[in-house]
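Just so you know, we're using our numbering here: the sequence shown kicks off at 900 and counts up by one. Here's the structure we're looking at; comments come further down.
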Amino acid sequence: MLDLAQTHSLTLGYKWSPPKCAVLNAPAATSSRSVQLSLYGQDLPTADEFTYLGVPFDGKGICTSALIKHRSLPSAALFSSVRFVHTS
């Protein structure tokens with residue numbers, strides 16, 4: 900799959916950025932199933948969690964609890980500032 904992504908990108912004139920990618924659910928480095936995945940000869944980092952375009956992912960998919968927490972912080976700040984303006 901990575902070979903296809905690499906070929907597609909080179910054919911169409913764009914490149915993925917391996918340091919901005921992450922492999923989720925990777926076997927432990929000590930496992931007999933361990934394999935190093937790469938793009939353009941650069942190893943892809945492994946991670947337990949990864950945020951893509953502002954959406955947090957973990958080994959099971961979209962991490963809804965982290966997404967809700969992340970989305971609620973700006974809303975709480977906005978309501979706090981609206982309350983401050985309203986009471987001033």
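Where is the CB? At the ideal position from N, CA and C, for every residue including glycine. Predicted model, so just to flag it, every value in this text is computed and none were measured.
Item, Value
"What's the C-alpha gap between L911 and P955?", "28 Å"
"A921 and A904: beta carbons closer than 9 Å?", "no"
"Which whole-angstrom value is the C-beta distance of F917 and Q941, which I expect to be below 8 Å?", "Inspection of the sequence shows that residue 917 is occupied by Pro rather than by Phe. Between Q941 and P917 the Cβ distance is about 4 Å, and since that is below 8 Å, they are a contact."
"Between the C-alpha atoms of T906 and D957, what's the straight-line distance to the nearest angstrom?", "27 Å"
"Taking DSSP as the reference, what is the three-state secondary structure of S971?", "helix"
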